[in-house]
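To start, the structure itself, in structure tokens.
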């Protein structure tokens, strides 16, 4: 599942958090910030899969453009439906 994959991806950061919680003192701000920053860095490696674009545009060189005789299948649809 997605949650188990996230746990695998963030395993080093989760271990760091567990280590901090097992201590008898509060962790330092810098240490907490470093774990947060490294978590974000790791999540960015899979960002395209977590947040894929809803609409994708591709450009075509004018010389490669071939007009179609078939009308757009979505033409005339209500965009609010």
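Numbering (this note's numbering), first residue to last: 97 to 177.
Cβ coordinates follow ideal geometry from the N, Cα and C atoms, glycine included.
The alpha helix (DSSP H) that contains residue i, what's its start and end?
i: residue 135; result: 125 to 140
Please classify residue i: does DSSP put it in a helix, a strand, or coil?
i: residue 116; result: helix
i: residue 145; result: helix
i: residue 105; result: helix
i: residue 165; result: coil
Looking at C-alpha atoms only, which residue of the options is the closest neighbour of residue i?
i: residue 129; options: 118, 109, 166 and 140; result: 109
i: residue 114; options: 154, 105 and 131; result: 131
i: residue 105; options: 165, 153, 146 and 164; result: 146
i: residue 135; options: 98, 111 and 149; result: 111
i: residue 103; options: 123, 163, 138 and 119; result: 138
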